[in-house]
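These protein sequences, in sequence, are chains F and Z. The opening position of the first sequence corresponds to residue 1 in the numbering used here, with each subsequent residue numbered one higher. The opening position of the second sequence corresponds to residue 1001 in the numbering used here, with each subsequent residue numbered one higher. Each residue gets a CB set at the ideal place from its N, CA and C atoms; glycine is no exception.
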Amino acid sequence: MRRKDVLDLDDFSVEELNEVLQTADAMKEVLSRPIKRVPPLRGKTIVNCFYEPSTRTRVSFELAAKNLSADVVNISASGSSVEKGESLVDTTRTLQALGADMVIMRHPHAGAPYLVARQLEASVINAGDGWHAHPSQALLDVYTVRERLGSIAGRKVVIIGDILHSRVARSNIWAFTTLGAEVVLCGPPTLIPPGIEQAVAEVLRCKSGDGVHKEHAAVRVQYDLDKACEDADVLMALRIQKERQTGGLLPSLREYTRLYGLTKERVARAKFGALVMHPGPMNEGIEIMPDVAYGPQSVIEEQVTNGVAVRMALLYLLAGGRSGRL
Amino acid sequence: MAVTRDPGAARDPAPAGGAAGAPLSSSSEKVILDEEGVRRALTRIAHEILERHQGTEGLLLVGMRRRGVPLARRLAALIAEFEQVQVPVGELDVTMFRDDLELRGTRTAVHPSSMPNRVTDARIVLVDDVLYTGRTVRAALEAILSYGRPRQVQLAVLVDRGHRELPIRADYVGKNLPTARDEQVEVRLREVDGTDEVVLVREEQANA
């Protein structure tokens, strides 16, 4: 991988995606050892810079870094100089001066990690910027599907919920379509960006020199969840934020659950052995029923485990980047 | 330019079937071990391991990726032939423990290792194709420790080409081959390269 940063998956080639996935295989084996530690990032300092709350992503990155023998520093917005009004650029300049080798950033504004990446020599990994991108989540989702189903090309992946506000959905769209899967977006019309099918098709057309699979219409919108579930290989439920109801985008949460909640009956419409996924944290009883979330087809816990392996892969691959970039 | 000065080469048997071949545009190859030579070396090493260990108790062969793995499997097959016991074989990828990762630029590809459960108290024989500076073996020792605490670790190599940079030595050697630093020792194995042979590759000076 010859890039300094991982900010979004929209410009990842098939080869680069596979490189991450194969490296994650090796990292997953490390996680199965009695001592889950390897030395490639020894002496490196990795800063977790989270301007938005997070438990699983932040801890996942921290564990990944520590497993690679890096030193980890955590910065969260509260309790830091950000409260005194220090700007993002000033914060990152300080990090550079302190010798950070890598910065992992989550920020409520789309594009913030891009600004930081331009300012820093250090590598920057986007851990979520506004509604825009969450590359490591999509990579672990793809990894989980590949591990369980063996392949991505030709699969039907249904992403259910508030697509409009979801960086997880956007990054998953890029990852799955680049690898040749068909992605179906299902949710209330108010929560699906208009024109998204054409927009994604246009980007993939521009990328097609990278060997992007072209057998399927990459992204489809389907407002009827029962129909969308038919023949699906993957059913991925997204968290619905309760604030959307007060914002006028949803009539009521109960109606959302009736139309778009992932129930056992809907899962039964999918292919035999289809996977149930969720990026977490879950609103049980709203977008996903508990018997589905904890049922036999759920891989939600595996997603979390795989998250550490995939993040280790990203850190490992980026750490060599600078010396390779001539 | 490197001048042939290694006495070992003079004592080698003539390569079978003119295997040295015509020189490539800028390098020449000399066959050090042909297929028979490789087979005999491995047979001898298998016997030596059994003799030294007085059997197969606790024995675990660990092949170092990449070519150490088929060599380890072949040793296990030979041991099974001689003693009717199936010795477990592990595969070890030591990439992440290398001491030269920084120097290599873009990260070297890593692959999953595969080690059997019982590493603690095992008597491990690490298997690799060529022993050179010893740094890869040092990395392997560290990698093994993340699986447990073996009772003993020994080293078996097909070729020892000298130039150690660390205090590492092999317990079982197929062939001692003094080399110059700018020579390459290439081990080819049926499982990976389609043929069994060990060749010494010399860069020829381009003559005007």
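Q: Check each residue of the region 1102–1124 of chain Z: if its Cβ is closer than 9 Å to any Cβ of chain F, include it; give the result in chain order.
A: Result list: E1102, L1103, R1104, G1105, T1106, R1107, T1108, A1109, V1110, H1111, P1112, S1113, S1114, M1115, V1119 and T1120.
Q | Rounded C-alpha distance that separates E1081/Z from L1042/Z | A | 13 Å
Q: Specify the secondary structure class of D5/F as computed by DSSP and reduced to three states.
A: coil
Q: Answer with buried or exposed for R1161/Z, where buried requires no fewer than 16 other C-beta atoms within 10 angstroms of its C-beta.
A: buried
Q.
Given this structure, state the Cα-to-Cα distance separating Y114/F from L1071/Z, to the nearest angstrom.
A. 49 Å
Q. Does the beta carbon of Y1211/Z sit closer than 8 Å to a beta carbon anywhere in chain F?
A. There is no way to answer for residue 1211/Z, as the model of chain Z reaches only from 1001 to 1208.
Q: Pick out whichever of R1065/Z, E1091/Z, T1133/Z and T1095/Z has its Cα sitting closest to the Cα of E1223/Z.
A: The displayed coordinates of chain Z run from 1001 to 1208. Any statement about residue 1223/Z would go beyond what the structure contains.
Q.
What does the Cβ neighbour count give for N1176/Z, buried or exposed, with the cut at 16 atoms within 10 Å?
A. By the C-beta density criterion, N1176/Z is exposed, having fewer than 16 other C-beta atoms within 10 angstroms.
**Q.** Partners in chain Z for R37/F, counting only beta-carbon separations shorter than 8 Å
**A.** S1146
Q. Alpha carbon to alpha carbon, what distance is there between D233/F and A127/F?
A. 27 Å
**Q.** Minimum Cβ-Cβ distance from D1100/Z to chain F less than 8 Å
**A.** no
Q: Report yes or no: is there a C-beta of chain Z within less than 8 Å of the C-beta of D25/F?
A: Taking Cβ atoms only, chain Z reaches closer than 8 Å to D25/F, which makes this a yes.
Q.
Please state the DSSP three-state secondary structure of I36/F.
A. Here the sequence assigns Lys to residue 36/F, which means Ile is not the residue at that position. The answer is coil: DSSP assigns K36/F none of H, G, I, E or B.
Q.
On the DSSP bridge list, what partners appear for G1090/Z?
A. V1062/Z
Q: Measure from the C-beta of Y223/F to each C-beta in chain Z and report whether the shortest distance is under 8 Å.
A: no
**Q.** Segments of 3+ residues assigned as beta strand (DSSP E) that fall wholly inside the region 171–259 of chain F
**A.** 182–186, 219–221 and 234–237
**Q.** Listed by chain order, chain Z residues near P367/F by CB distance under 7 Å
**A.** An answer regarding residue 367/F cannot be provided, because it is not within the stretch 1 to 326 covered by chain F.
Q) Any idea if R1181/Z is buried or exposed, counting beta-carbon neighbours within 10 angstroms, 16 or more meaning buried? A) exposed
Q. Quick one, are the C-beta atoms of V6/F and L318/F less than 8 Å apart?
A. yes
Q.
Quick check on D1034/Z: buried or exposed, where buried means 16 or more other Cβ atoms within 10 Å of its Cβ?
A. buried
Q. Where I43/F and I1045/Z are concerned, what is the direct C-alpha to C-alpha distance, given to the nearest angstrom?
A. The question names Ile, but residue 43/F is Gly in the sequence shown. Going by the C-alpha atoms only, they are around 40 Å apart.
Q.
Whether or not the region 104–124 of chain F and the region 256–269 of chain F are in contact is what I'm after, with contact meaning three or more pairs of Cβ atoms, one per stretch, closer than 8 Å; do they touch?
A. no
Q. Cα-Cα, which of D25/F, Y223/F, L98/F and S252/F is closest to D142/F?
A. For clarity, residue 142/F is Val in the given sequence; the question names Asp instead. The residue with the shortest Cα to Cα distance from V142/F is D25/F.
Q. Buried or exposed: A1016/Z, going by 16 or more other Cβ atoms within 10 Å of its Cβ?
A. The predicted position of A1016/Z is uncertain, since its pLDDT is 43 and thus under 50; a value taken from the coordinates is nonetheless stated next. Exposed, because fewer than 16 other Cβ atoms sit within 10 Å of the Cβ of A1016/Z.
**Q.** Pairwise C-alpha distance: L1092/Z and G1194/Z
**A.** 22 Å
Q. So what does H132/F bridge to, in DSSP terms?
A. According to DSSP, H132/F bridges with nothing at all.
Q.
Could you pull the DSSP bridge partners for H332/F from this structure?
A. With chain F covering 1 to 326 only, the question about residue 332/F has no answer from this structure.
**Q.** Coarse secondary structure for R1149/Z, derived from DSSP in three states
**A.** Coil, per DSSP.
Q. Helix, strand or coil: how does DSSP classify N18/F here?
A. In this structure, DSSP gives N18/F a helical state, which the three-state scheme calls helix.
Q) In chain order, what residues of the region 284–317 of chain F put their CB closer than 9 Å to some CB of chain Z? A) A313, Y316 and L317
Q.
In whole angstroms, give me the CA-to-CA distance for G187/F and F12/F.
A. 27 Å
Q. According to DSSP, is T1195/Z helix, strand or coil?
A. coil
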